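Sequential numbering from 382 applies to the sequence shown in my numbering.
The beta carbon of each residue, even a glycine, is placed where N, CA and C say it ideally should be.
Nothing here was measured: the structure is a model prediction, and the numbers come from that model.
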Amino acid sequence: MKLLNNLKFASKLILSFICIAAFTAIIGYIGIHNMDKLNTNAKLMYEYNFKSIEILSEIKKNYSMISTDLRIFSIIL
Numbered sequence: 382m383k384l385l386n387n388l389k390f391a392s393k394l395i396l397s398f399i400c401i402a403a404f405t406a407i408i409g410y411i412g413i414h415n416m417d418k419l420n421t422n423a424k425l426m427y428e429y430n431f432k433s434i435e436i437l438s439e440i441k442k443n444y445s446m447i448s449t450d451l452r453i454f455s456i457i458l
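See below:
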């Protein structure tokens, strides 16, 4: 504590600025790291959900084709 009392005002100001800058850098790094994890998980969720919707769309298309074929076949007979 006596070390801080013996410093000049400019030195105290610079030291406090360095501390605040270090805390800001640490918080920024943590935020960027968490946003990267969030982005990765969002991509995985999108791909998973999109794949299931794509499969359902393919099933619907196949069902429509089968229905059309059955109608044509019933007209022929």
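Tell me, to the nearest whole angstrom, how far the beta carbon of residue i is from that of residue j; I am working on the premise that it is less than 8 Å.
i	j	result
lysine 393	leucine 385	7 Å
Alpha carbon to alpha carbon, how far is residue i from residue j?
i	j	result
asparagine 430	asparagine 422	12 Å
aspartate 450	isoleucine 457	11 Å
alanine 391	threonine 405	21 Å
tyrosine 427	isoleucine 395	47 Å
Just to confirm the assignment, what range does the alpha helix (DSSP H) spanning residue i have?
i	result
leucine 437	390-457
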